[in-house]
Amino acid sequence: MEEVLHLRDHADLAAMFRYERQYGVLAEGPMDGWQGQPQAAEISAEEFERLWAEARLALGDSA
Numbered sequence: 005m006e007e008v009l010h011l012r013d014h015a016d017l018a019a020m021f022r023y024e025r026q027y028g029v030l031a032e033g034p035m036d037g038w039q040g041q042p043q044a045a046e047i048s049a050e051e052f053e054r055l056w057a058e059a060r061l062a063l064g065d066s067a
């Protein structure tokens, strides 16, 4: 999430387009509703970043 916000605020449109083409578009709007989903769990920012780094590796980006 932090990476997306940084790109949006500091990079050119081409950089944002490359990011979205690789990882998809982050939905804009409320991010609620997940709490009632089966097996939903709140995680720390650190855990999110760790999991996101693993996902990026799986998607083929080691940067």
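When we follow the numbering used here, the leftmost residue of the sequence shown carries the number 5, and every step to the right adds one. Virtual Cβ for every residue (Gly too), placed ideally from N, Cα, C. This structure is a prediction, so every number in the text was calculated from the model and none was measured.
Checklist entry - Near Tyr23, what residues of its chain come up, given a Cβ to Cβ distance below 6 angstroms and the 5 sequence neighbours on each side ignored? => result Correct list, in chain order: Leu11.
Item to check | Rounded C-alpha distance that separates Ala45 from Ala18 | outcome: For Ala45 and Ala18, the distance between alpha carbons rounds to 34 angstroms.
Next on the checklist: Between which two residues does the alpha helix (DSSP H) holding Ala57 run?
Outcome noted: Per DSSP, the unbroken alpha helix (DSSP H) holding Ala57 starts and ends at 49-62.
Item to check | Helix, strand or coil at Ala15 [DSSP, three-state] | outcome: DSSP places Ala15 outside both helix and strand once states are collapsed to three, so it counts as coil.
Next on the checklist: Rounded to whole angstroms, what is the Cα-Cα separation between Arg54 and Leu9?
Outcome noted: Annotation: Arg54 to Leu9 spans about 18 angstroms, alpha carbon to alpha carbon.
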